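Visitor: Numbering follows my numbering, in which position 13 of the sequence shown is assigned residue number 13; successive positions increment by one, without gaps. Just so you know, even glycine gets a beta-carbon here, dropped at the ideal spot from N, CA and C. Source: prediction; values computed, not measured. So that we are looking at the same thing, I have put the structure below in structure tokens.
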Amino acid sequence: MATWRFYQGLRTEWQWFRLDDCGNVIVKSDRGFAELRACMANAETAGFTGDAYHVQVRQAGAFTTAQGAAHETAQDLASAAPRTESPDEQTAP
């Protein structure tokens with residue numbers, strides 16, 4: 001499981017979450033960001049290094065999810081092929 005999650009909420013604002021090994025939120029961003037890049041830059045202040053993370057993008061009523069690694073950019077992940085979920089399957093971090 002990724003230790004960092006970047007989530008685009010209903011108002012299309014990005015937030016980051018740091019998770020423990022059980023998936024519990026240890027710390028999260030204190031505000032939303034208009035761009036994923038800005039959100040990731042803010043997460044660096046809490047120790048994010050870009051090694052492993054999960055990105056969840058909201059697109060037209062569905063979520064797109066992608067796993068990230070150090071060699072992938074935020075732009076690569078934002079343009080990843082969508083994995084759509086019904087509203088019942090959608091999960092927040």
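1) Quick test of your reading: Cys39 and Phe6, contact by CB under 8 angstroms. State the CB separation rounded to the nearest angstrom.
2) When you compare only the Cα positions, how much space is there between Gly9 and Lys28?
3) Of all the options Asp20, Glu35, Asp30, which has the alpha carbon lying nearest to the alpha carbon of Arg58?
4) Could you compute how far the alpha carbon of Thr45 sits from the alpha carbon of Gly32?
5) In the DSSP output, which residue or residues are listed as bridge partners for Leu19?
6) Name the one or two DSSP bridge partners that Arg5 has.
7) What span of residues does the alpha helix (DSSP H) with Ala38 cover, start to end?
Guide: Taking the geometry as given:
1) 6 angstroms
2) 14 angstroms
3) Glu35
4) 15 angstroms
5) Val25
6) Phe17, His54
7) 36-44
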